[in-house]
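First comes the structure, then the notes that go with it.
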Amino acid sequence: MAKWLPRSTNLARFCQKLNRVKTLEDDMMETSFNRCLSTIDLTLLGIGGMVGSGLYVLTGTVAKEIAGPAVVVSFIIAGFASLLAALCYAEFGAQVPKTGSAYMFTYVSVGEIWAFLIGWNVLLEYMIGGAAVARAWSGYLDSIFNHRIKNFTETHVGAWQVPFLAHYPDFLAAAILLVATAFISFGAKVSSWLNHIFSAISLGVILFILIMGFVLAQPKNWSAQEGGFAPYGLSGVMAGTATCFYAFVGFDVIAASSEEARNPQRAVPRAIAFSLGLATGAYILVSVVLTLMVPWHTLDPDSALADAFYRRGYAWAGFLVAAGSICAMNTVLLSNLFSLPRIVYAMAEDGLFFQVFSQVHPRTQVPVVGIVVFGLLMALLALVFDLEALVQFLSIGTLLAYTFVAASIIVLRFQQQKVDAPLPAAGGQPSPEPREGPSAGELKEYESFSDKLQLVDRGKSKEHREPGQLRAAFEPYLEFLSDFYPGEVVTVAVVTLMVSAICLCSILVFGNTHLHLPTWSYSLLLVLFSLGFLLSLLLIWAHEQQHSTQTFQIPLVPLSPALSILLNIYLMLKLSSMTWLRFAIWLLLGLLVYFGYGIRHSKENLREPQPQRVSARYVVFPSGSLEERVQAVQPSPQPTTGLPDTDTEDGKR
Numbered sequence: 001m002a003k004w005l006p007r008s009t010n011l012a013r014f015c016q017k018l019n020r021v022k023t024l025e026d027d028m029m030e031t032s033f034n035r036c037l038s039t040i041d042l043t044l045l046g047i048g049g050m051v052g053s054g055l056y057v058l059t060g061t062v063a064k065e066i067a068g069p070a071v072v073v074s075f076i077i078a079g080f081a082s083l084l085a086a087l088c089y090a091e092f093g094a095q096v097p098k099t100g101s102a103y104m105f106t107y108v109s110v111g112e113i114w115a116f117l118i119g120w121n122v123l124l125e126y127m128i129g130g131a132a133v134a135r136a137w138s139g140y141l142d143s144i145f146n147h148r149i150k151n152f153t154e155t156h157v158g159a160w161q162v163p164f165l166a167h168y169p170d171f172l173a174a175a176i177l178l179v180a181t182a183f184i185s186f187g188a189k190v191s192s193w194l195n196h197i198f199s200a201i202s203l204g205v206i207l208f209i210l211i212m213g214f215v216l217a218q219p220k221n222w223s224a225q226e227g228g229f230a231p232y233g234l235s236g237v238m239a240g241t242a243t244c245f246y247a248f249v250g251f252d253v254i255a256a257s258s259e260e261a262r263n264p265q266r267a268v269p270r271a272i273a274f275s276l277g278l279a280t281g282a283y284i285l286v287s288v289v290l291t292l293m294v295p296w297h298t299l300d301p302d303s304a305l306a307d308a309f310y311r312r313g314y315a316w317a318g319f320l321v322a323a324g325s326i327c328a329m330n331t332v333l334l335s336n337l338f339s340l341p342r343i344v345y346a347m348a349e350d351g352l353f354f355q356v357f358s359q360v361h362p363r364t365q366v367p368v369v370g371i372v373v374f375g376l377l378m379a380l381l382a383l384v385f386d387l388e389a390l391v392q393f394l395s396i397g398t399l400l401a402y403t404f405v406a407a408s409i410i411v412l413r414f415q416q417q418k419v420d421a422p423l424p425a426a427g428g429q430p431s432p433e434p435r436e437g438p439s440a441g442e443l444k445e446y447e448s449f450s451d452k453l454q455l456v457d458r459g460k461s462k463e464h465r466e467p468g469q470l471r472a473a474f475e476p477y478l479e480f481l482s483d484f485y486p487g488e489v490v491t492v493a494v495v496t497l498m499v500s501a502i503c504l505c506s507i508l509v510f511g512n513t514h515l516h517l518p519t520w521s522y523s524l525l526l527v528l529f530s531l532g533f534l535l536s537l538l539l540i541w542a543h544e545q546q547h548s549t550q551t552f553q554i555p556l557v558p559l560s561p562a563l564s565i566l567l568n569i570y571l572m573l574k575l576s577s578m579t580w581l582r583f584a585i586w587l588l589l590g591l592l593v594y595f596g597y598g599i600r601h602s603k604e605n606l607r608e609p610q611p612q613r614v615s616a617r618y619v620v621f622p623s624g625s626l627e628e629r630v631q632a633v634q635p636s637p638q639p640t641t642g643l644p645d646t647d648t649e650d651g652k653r
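When you line the sequence shown up against UniProt numbering, it's residues 1 to 653, in that order.
Structure below.
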């Protein structure tokens, strides 16, 4: 029976494969894409991804059914929560200017299988999101013409009552996706130019809504006679926050486009900050205007803004609102179709997805195969599927990506910069040995028995400490942690922090409802898991972290990413059980793809270290310090005479 069990060495090697991280190129600015996007281009892409149909539909729905006029507070809190996630994306986008967004960020810091699952979920998120927006675009246009398009299709094509399928085929939604796919395939500059046009019209309409809305505002609509400012109380405000949070999920298009930015170190953080600030301001001000124009309890959730102008006697303004809504939906479609093929390209380029999707058109410099294939799949989804039941699935993929990106920020911030051992020269001769002495300033990654051994003079120096090492002030109290390799304790603490956050949020969400815990155990568990979360946070903070003045870094690490992790997990646990079931099924499909294709074709297989090519020499100086030098050694050919190689024997001695 025991012979069927895997050996511990094989199991360890398998786990190392699952958790291997991506090796980045020396020149991260080198790319097969066209670096043509400016800060303005990226900002408008981000605004287009965030200010979509939600501005025209979500504000009215949350105001009437969830929060009342306090929807304004809900958008303020949701904007702050989104800022925590956006700052994490901004730091990664500046440091790793490669396409792939959350997939790439997870791959370079956490591990391969986690990166694949993040990319796999983001892929479905963009497909369903784009198809859902296309159907909303079609339905909005159809309502302007009194549903003539729907009636014509049902009469001449037919309707059906099949689970998971739409009541009728939506040819208009499929057509707009095919047209958008054609424009996206012409190149990043054409896509950006088209997005500029629709974004300018959308922002102009928003400006008109704000000016006219404040002119028509009536403060009495927030009075106690109409139910007050927060008729549903604090619980309504927080429930509204959970819904409003998803209005800001489009900013990751900026990170996905960083490989096409001219100066990503400056453009990506600025574009994320500008676009999120403008989008948050637009949502807050439109919510103020909408709830001041008409009483919140009389709003039409499907077309709140247009209906509000109509009831105040400005029916003509409804056409402008409709035009702005359609343009805003167009920008979201472009954003989804722009980001999706680039994430697929990044996965294919790393060997984790089918290689055909890594092809870049030589003239337009875009992944045209991915654009066409996934544009067609998105059009098929919009044509025949009922997406209402799947729309909530979008939330869990986004929140999971936010969680892993925030964790990746902590892990990378407390890691040392790795320096690879020199490879042999082309002629077969070993590269020159690294220079000894003070000029060789960086620590090397040792591959011999002392993987966890540091040079005594540098490892114990209190003047200079590397990222991931215990701070000097905490060494007298936590001396037992100084024996670990830099970054190891932080990694364990991040895992503990995430487990504590999951347990804490589970008690908050399910403790009184599903688990029916008594008050004493509910309070005790809250205290215990809160302490675990805080102690993990303090343990991370007690270590040195990297500081860079060349690229943007999120402030208050590890506090800011930890708060983002806590909030994202809480919102994930608030989703329905059916959403989690669909999520589990999609994850299983992803694991089949990874173990069937990705793990064998991963390019990191080619980078795995060869232990037989590494030798180490140790010299103990009279002062008691220890120095280790690692050099690459070419295996010597066996002599034909069968005599032992004297050089090798000397080396062993």
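Glycine residues also receive a C-beta, built at the ideal position from the N, C-alpha and C atoms. This one's a predicted model, so the numbers in the text were calculated from it and none came from an experiment.
*Boundaries (first-last residue) of the alpha helix (DSSP H) holding M104*: A102 to Y107
*asked:* Measuring only the C-alpha atoms, how far is I540 from S53?
replied: 41 Å
*Once you ignore the five residues that flank A271 on each side, which residues in its own chain have a CB closer than 7 Å to its CB?*
T39, L42, T43, G46 and I254
*Proximity to C36 [Cα-Cα], best of R262, L352, D483 and G48*: Ranking the options by Cα distance to C36, first place goes to R262.
_Just to check my reading of the structure: D170 and L383 have Cβ atoms closer than 8 Å, yes? What is that Cβ distance to the nearest angstrom?_
The pair is a contact, with the Cβ atoms about 6 Å apart (cut-off 8 Å).
_Are the CB atoms of Q95 and T403 within a distance shorter than 8 Å?_
no
*What three-state label does DSSP hand L165 in the structure shown?*
strand
*So what's L515 in DSSP terms, helix, strand or just coil?*
coil
*Following the continuous alpha helix (DSSP H) through H297, name the residue where it begins and the one where it ends.*
No alpha helix (DSSP H) contains H297, which DSSP labels as neither H nor E.
*Between the segment 196-211 and the segment 309-328, are three or more C-beta pairs nearer than 8 Å?*
yes
*How many Å lie between E433 and L606 at the Cα?*
Low confidence applies here, because E433 scores a pLDDT of 41, under 50, leaving its location unreliable; read the following figure in that light. About 24 Å.
*Cα-Cα, which of H516, M50 and F116 is closest to L333?*
M50
*If you pair each beta-carbon of the segment 273-290 with each one of the segment 153-173, do three or more pairs fall below 8 Å?*
no
*With 16 other CB atoms within 10 Å as the buried threshold, where does W114 fall?*
buried
*asked:* For a test of the three-state rule: what should DSSP assign to F214, helix, strand or coil?
replied: helix
*asked:* In this structure, how does DSSP classify H547 when only helix, strand and coil are distinguished?
replied: coil
*If V21 and V108 are in contact, beta carbons under 8 Å, what's the gap, nearest whole angstrom?*
6 Å
*Per the contact definition of three or more C-beta pairs closer than 8 Å, is the segment 287-305 in contact with the segment 216-224?*
yes
_L478, DSSP secondary structure in three states_ = coil
*On a CA-only basis, which of T106, D26, P97 and S74 is nearest L400? Give me that one, please.*
T106
*Which of helix, strand or coil does DSSP assign to A261?*
strand
*Beta-carbon contacts of N330 that lie in its chain and below 6 Å, excluding the five residues immediately before and after*: F198
*Are L537 and P561 close, meaning C-beta to C-beta below 8 Å?*
no
*Is E475 near the ligand PLP, with its Cβ less than 7 Å from a heavy atom?*
With respect to the ligand PLP, the structure shown offers nothing to examine, as it has no ligands at all.
*For L37, which residues does DSSP report across the bridge?*
A261
*Which residue comes first and which comes last in the alpha helix (DSSP H) that contains P341?*
A315 to E349
*Mapping DSSP to helix, strand and coil, what is L276?*
helix
*Have a look at D483 and L563 and give me their C-alpha separation to the nearest angstrom.*
29 Å
*Could you tell me which residues DSSP pairs with F385 in its beta bridges?*
L165
*Looking at G130 and L55, is the spacing between their C-beta atoms short of 8 Å?*
no
_Can you find the residues in the same chain that come closer than 8 Å, C-beta to C-beta, to S257, ignoring five residues on each side of it along the sequence?_
Counting only Cβ-Cβ distances below 8 Å, and skipping sequence neighbours, we find L37, L42, L45, T99, A188, F338, S339 and R342.
*Span separating the alpha-carbon of L210 from that of V288*: 9 Å
*Could you name the residues of the same chain whose beta carbon sits closer than 7 Å to that of S602, not counting the 5 residues immediately before and after it, in chain order?*
E112, D350, G351 and L352
*Would you kindly work out how many angstroms separate the C-alpha atoms of T579 and I396, rounded to a whole number?*
8 Å
_Checking 8 Å against the spacing of the C-beta atoms, do P97 and P269 come in under that value?_
no
*Please classify G313: is it buried, with 16 or more other beta-carbons within 10 angstroms of its beta-carbon, or exposed?*
The residue is exposed, with fewer than 16 neighbouring Cβ atoms inside 10 Å.
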